[in-house]
Amino acid sequence: MKVSNRKRVLVTGGAGFLGSHLCERMLNDGNDVLCVDNFYSGTKDNIAHLMGNPYFELMRHDVCFPLHVEVDEIYNLACPASPVHYQSDPIQTTKTSVLGAMNMLGLAKRNKAKILQASTSEVYGDPEVHPQKESYWGHVNTIGIRSCYDEGKRCAETLFFDYKRQHDVDIKVVRIFNTYGSRMHPNDGRVVSNFIVQALRGEDITIYGDGSQTRSFCFADDLIEGFVRMMASDKGVTGPINIGNPGEFTMIELAQAILKQVGGQSKLVFKPLPQDDPKQRRPDITLAKHHLNWEPKINLDAGLEKTIAYFKKFLAL
Ligand code: NAD
Ligand code: UDP
Ligand code: UDP
Numbered sequence: 004m005k006v007s008n009r010k011r012v013l014v015t016g017g018a019g020f021l022g023s024h025l026c027e028r029m030l031n032d033g034n035d036v037l038c039v040d041n042f043y044s045g046t047k048d049n050i051a052h053l054m055g056n057p058y059f060e061l062m063r064h065d066v067c068f069p070l071h072v073e074v075d076e077i078y079n080l081a082c083p084a085s086p087v088h089y090q091s092d093p094i095q096t097t098k099t100s101v102l103g104a105m106n107m108l109g110l111a112k113r114n115k116a117k118i119l120q121a122s123t124s125e126v127y128g129d130p131e132v133h134p135q136k137e138s139y140w141g142h143v144n145t146i147g148i149r150s151c152y153d154e155g156k157r158c159a160e161t162l163f164f165d166y167k168r169q170h171d172v173d174i175k176v177v178r179i180f181n182t183y184g185s186r187m188h189p190n191d192g193r194v195v196s197n198f199i200v201q202a203l204r205g206e207d208i209t210i211y212g213d214g215s216q217t218r219s220f221c222f223a224d225d226l227i228e229g230f231v232r233m234m235a236s237d238k239g240v241t242g243p244i245n246i247g248n249p250g251e252f253t254m255i256e257l258a259q260a261i262l263k264q265v266g267g268q269s270k271l272v273f274k275p276l277p278q279d280d281p282k283q284r285r286p287d288i289t290l291a292k293h294h295l296n297w298e299p300k301i302n303l304d305a306g307l308e309k310t311i312a313y314f315k316k317f318l319a320l
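Numbered according to the working numbering, the sequence shown spans residues 4 to 320.
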């Protein structure tokens, strides 16, 4: 039985990059936060500053196994997000996406809790429709090295909508486009952290392929605001809804933007393009604007400035 007015919020993957920002926001908003993580790609460092707060609780747990707790809202973020991490144990990645979703949906059903799924622009695969609208069904290889993540996340979306149809679970699905900011793991191979760390260390900037592929980069604070608005939306708003920044940049442009701020002697070097690497990606955010009154506020240069400052401190440069 609930005896406090504080909402009890579960954040799975709460010790990761986005999860840690979300835990912080949930505490600042006056909630009672349970962070569940198995530390596969997250770290205690990301949440160490929250540990003294009596309304913050950390549980080491793998979401592939059932979890019996009493909560009002669930943000399901548990899943490695960078290609290097999700490809290092691909079977575990599929299990986390699918079994994790099933367990968290079972938990939501029993608790009559709202549940938000951190889905991804990867459900669009290597998109043939540009920019990507939620109505696009995607272009995904079922047997490639990215499939564990892409198909895992697609199956999780299916489970969310079947729990809605079969059990009337109050679901919210957001499709996150590339997001960056403080607490990204410096070795997880994502492009923003790689380029910033390389630039700060004066190392070569590794461009995969010819660098003409595009991505759209959203700053973490903007994304978290989108999560919160989605969770607060009317029951009829289930998504999927794209959350991302529609600014679109080639990897060469991203490298130049970072080098302009960092300065230094780094050169661009070209490396092979990984298999199935999407050629282009940009969210159509019409639905987010309409249903959530949300759009990103922080442009690439401003977000990079904050992220570079974080990595400078982190690397003690
Ligand atoms: P991250 O790797 O920093 O965080 C994921 C967290 O989940 C980590 O703390 C990890 O230890 C934890 N985790 C992994 N497997 C788990 C398991 N079986 N049980 C419990 N915890 C587990 O990644 P992130 O960038 O913070 O991504 C968070 C979520 O957002 C992921 O679901 C990801 O798919 C989604 N997403 C992120 C982006 C992005 O650009 N950052 C883009 C699209 C989708
Ligand atoms: N589950 C859980 N916590 C709960 C309720 C369920 O982890 O509080 C798990 C449960 O063990 C099962 C999954 O969620 O593996 C799906 O539960 P559901 O009740 O939908 O299905 P069933 O138990 O009938 O398979
Ligand atoms: N990339 C790159 N150099 C790097 C890391 C990544 O050129 O050091 C490219 C990668 O090939 C992809 C893009 O940057 O085209 C984004 O990669 P990331 O791993 O960050 O995310 P995702 O491919 O999942 O969008």
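The C-beta atom is built at its ideal place from N, Cα and C for all residues, glycine as well.
Just so it is clear, the structure is predicted and the values come from calculations on it, not from any experiment.
{"Item": "Between the CA atoms of A159 and A104 - distance to the nearest angstrom", "Value": "6 Å"}
{"Item": "Contact test: R193 Cβ vs ligand 3 heavy atom, cutoff 7 Å", "Value": "yes"}
{"Item": "Which of helix, strand or coil DSSP assigns to K117", "Value": "strand"}
{"Item": "Minimum C-alpha distance to Y183 - residue among K282, Y139, R218 and Q268", "Value": "R218"}
{"Item": "Cβ neighbour criterion (16 or more within 10 Å) applied to K156", "Value": "buried"}
{"Item": "Under 8 Å between C-beta atoms of P299 and S122", "Value": "no"}
{"Item": "Three or more C-beta pairs below 8 Å linking the stretch 262–274 and the stretch 219–227", "Value": "no"}
{"Item": "Coarse secondary structure for M76, derived from DSSP in three states", "Value": "The residue you asked about is not Met; residue 76 is Glu in the sequence shown. Three-state DSSP puts E76 in a strand."}
{"Item": "C-alpha distance - L13 paired with K270, whole-angstrom precision", "Value": "44 Å"}
{"Item": "Span of the alpha helix (DSSP H), counted from its first residue to its last, around D225", "Value": "A223 to M234"}
{"Item": "Same chain only: Cβ atoms within 7 Å of V172, ignoring 5 sequence neighbours per side", "Value": "L108, A111, K112, I118 and Y166"}
{"Item": "Cβ-heavy atom distance, N181 to ligand 1, below 7 Å", "Value": "yes"}
{"Item": "Heavy atom of ligand 3 within 7 Å of G214 beta-carbon", "Value": "yes"}
{"Item": "Nearest-angstrom Cα separation, counted from H52 out to P86", "Value": "28 Å"}
{"Item": "Below 6 Å from a heavy atom of ligand 2 - residues by beta-carbon", "Value": "P69, L70, H71, M105, N106, G109, L110, K112 and R113"}
{"Item": "Nearest-angstrom Cα separation, counted from G229 out to A305", "Value": "18 Å"}
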